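Asks: Have a look at this one before I ask anything.
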Amino acid sequence: MNKKRLLITGGSGLLGVNWAITCRDFYDVVLLLNKRLINIRDTSSVIYQVTSYQMTLELFNMVKPDIVIHTAGLTNVELCESNPLLANSVNVKLSDFLSKVCGELGIDFVHISTDHLFSGENTLYNESEIVSPLNVYGKTKAKAEEIVKYNNQNALIVRTNFYCWGTSYRNSFSDVIINSLRNKDNIKLFDDVFYTPILAEYLIKFVHVLLEKKQKGVFNIVSSERITKYEFGILLATTFNLDNSFISRAKITDNFKLVKRPADMSLSNKKLEEIIGIEIPTINIQMRRLFEQEQNGIRKEILSI
């Protein structure tokens with residue numbers, strides 16, 4: 611039986627790389643690359659710049675994907691704020707082209723959004739609440755969601771905040787913490803910023819469960835536990851048997867140079883749990899899986915990319 615072809619935009623990004631490795635045994639994975647060229651075992655890649663509807667159509671006619679996972683995006687909050695035209699081009703226009711062509715060709719489309727869509731005045735936001743982004747990054751991601759919904763009523767829009775192992779050219783947030791503690795370097799983490807992080811492997815698996823169930827619309831794919839960045843670091847230290855005394859508390863309110871961000875990005879996953887009929891594993895279980903990934907060689911492979 612032939613495998614379905616999975617095209618991953620942002621193929622050299624953290625999520626794209628982890629998605630490819632997680633799914634390569636079950637799908638014919640094709641990475642869409644732009645400037646950075648990488649090789650991942652048992653996957654293929656295509657180098658192509660998508661800057662118009664016509665180019666998107668040509669790409670899909672060439673690759674012939676069954677599913678498109680749109681992970682590409684400009685996620686640097688400071689860069690988005692200083693260059694809103696670039697943020698709009700990457701986060702909005704690209705999503706416009708991809709979602710429109712997928713809709714016209716009947717290709718399953720998954721749009722990866724963010725948890726930066728709200729003011730942060732409330733907690734555990736659900737999918738039906740009105741967005742109120744505070745910065746350019748959040749505004750472009752919110753605009754992209756609306757365009758995707760308009761272009762493609764069958765699209766799956768995923769709001770999330772994930773962690774994973776990083777590559778040789780980009781550390782993840784969890785990498786920074788683990789590497790700092792292993793090097794016995796001091797690290798400061800915010801104790802006044804709340805979120806609901808999920809391990810990328812679980813995020814990816816739940817997306818594919820939703821695809822199998824023919825789900826569409828907005829889904830929060832996050833953990834059930836609302837924690838601070840500081841608490842996240844302490845949990846990582848415990849899981850990896852590292853000395854947490856090198857972690858100290860910091861306040862985002864004391865960092866005046868940072869672009870304004872929501873202090874609470876936590877999302878509710880109740881809709882997800884109800885649809886898939888699975889209780890989301892605890893953050894402790896997820897972090898143990900991150901530890902296992904290091905033990906079984908996944909981290910080494912990703913770091914070699």
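Residue numbering for the sequence shown follows this note's numbering, beginning at 611 and increasing consecutively. Note that beta-carbon positions come from the ideal geometry of N, C-alpha and C, so glycine has one too. Note that the structure is predicted; figures quoted are calculated from it, not measured.
Closer than 7 Å by C-beta to Leu704: which residues in its own chain qualify, once you throw out the five before and the five after it? Chain order, please.
Replies: In the sequence shown, counting from the first residue as 1, residue 704 sits at position 94. Once the five neighbours on either side are set aside, the close Cβ partners of Leu704 are Val660 and Ala682.
Asks: What does a CB cutoff of less than 8 Å around Asp802 pick up in its chain, not counting 5 residues either side in sequence?
Replies: Position 192 of the sequence shown holds residue 802. Excluding residues within five positions, the ones whose Cβ falls inside 8 Å are Thr838, Lys861, Ile862, Thr863 and Ala873.
Asks: Can you give the beta carbon distance from Phe842 to Pro807, rounded, assuming they're within the 8 Å contact cut?
Replies: For the purposes of this step, residue 842 is identified with residue 232 of the sequence shown, where counting begins at 1. For the purposes of this step, residue 807 is identified with residue 197 of the sequence shown, where counting begins at 1. So it is a contact: roughly 6 Å between Cβ atoms.
Asks: Cutting at 7 Å between CB atoms, please list the residues of its own chain near Val746, excluding the five before and the five after it.
Replies: For the purposes of this step, residue 746 is identified with residue 136 of the sequence shown, where counting begins at 1. Once the five neighbours on either side are set aside, the close Cβ partners of Val746 are Cys690, Glu691, Pro694 and Ala697.
Asks: With 16 as the cutoff for other CB atoms within 10 Å, does Ile767 come out buried or exposed?
Replies: As a first step, residue 767 must be located in the sequence shown, where it is residue number 157. Per the 10 Å Cβ criterion, buried.
Asks: Between Lys867 and Leu744, what straight-line distance do the alpha-carbon atoms span, to the nearest angstrom?
Replies: Residue numbering aside, residue 867 sits at position 257 when the sequence shown is read from its first letter. Residue numbering aside, residue 744 sits at position 134 when the sequence shown is read from its first letter. Answer to the nearest angstrom: the Cα atoms are 15 Å apart.
Asks: What residues are listed by DSSP as bridge partners for Val678?
Replies: The count along the sequence shown starts at 1 and reaches residue 678 at position 68. Answer is Leu617 and Phe719, bridged to Val678.
Asks: In three-state DSSP terms, what is Tyr779?
Replies: Position 169 of the sequence shown holds residue 779. If DSSP states are grouped into helix, strand and coil, Tyr779 belongs with coil.
Asks: Quick one: grab the DSSP three-state call for Ile808.
Replies: Along the sequence shown, read from residue 1 onward, the residue named residue 808 stands at position 198. It is a strand residue.
Asks: Return the chain-ordered list of same chain residues with a C-beta closer than 8 Å to the C-beta of Thr685, the five sequence neighbours on each side being excluded.
Replies: What you label residue 685 is simply residue 75 of the sequence shown in a count that begins at 1. Correct list, in chain order: Thr724 and Tyr747.
Asks: Along the chain, where does the beta strand (DSSP E) containing Asn761 start, and where does it finish?
Replies: One-based indexing of the sequence shown puts residue 761 at position 151. Taken as a continuous stretch (DSSP letters only), Asn761 belongs to no beta strand (DSSP E), being part of the alpha helix (DSSP H) at Val746 to Asn761.
Asks: Thinking Phe719 and Val678 are a contact (beta carbons under 8 Å), I'd like their distance in whole angstroms, please.
Replies: The residue given as residue 719 occupies position 109 in the sequence shown. The residue given as residue 678 occupies position 68 in the sequence shown. About 5 Å separates the two Cβ atoms, so the contact holds.
Asks: Would you check if the stretch 879–888 and the stretch 897–904 touch, i.e. whether three or more CB-CB distances between them fall below 8 Å?
Replies: No, they do not touch.
Asks: Name, in chain order, the residues that DSSP records as bridge partners for Gly827.
Replies: Residue mapping note: residue 827 aligns to position 217 of the sequence shown, counting from 1. In the DSSP output, where bridge partners are listed per residue, Gly827 has Leu766.
Asks: Who are the near neighbours of Ser729 in its chain, counting only those whose CB is closer than 7 Å to its CB and skipping five residues on each side?
Replies: Indexing the sequence shown from 1 puts residue 729 at position 119. Within the same chain, Ser729 has close Cβ partners Ser742, Leu744 and Pro872.
Asks: For Ser782, which residues of its own chain have a beta-carbon under 8 Å away from its beta-carbon, when the five flanking residues on both sides are left out?
Replies: Against the sequence shown, residue 782 aligns to sequence position 172. Leu624, Tyr773, Cys774, Trp775 and Gly776, listed in sequence order.
Asks: In three-state terms, what does DSSP make of Asp874?
Replies: Translated into the one-based positions of the sequence shown, residue 874 becomes position 264. Asp874 falls in the strand class under three-state DSSP.
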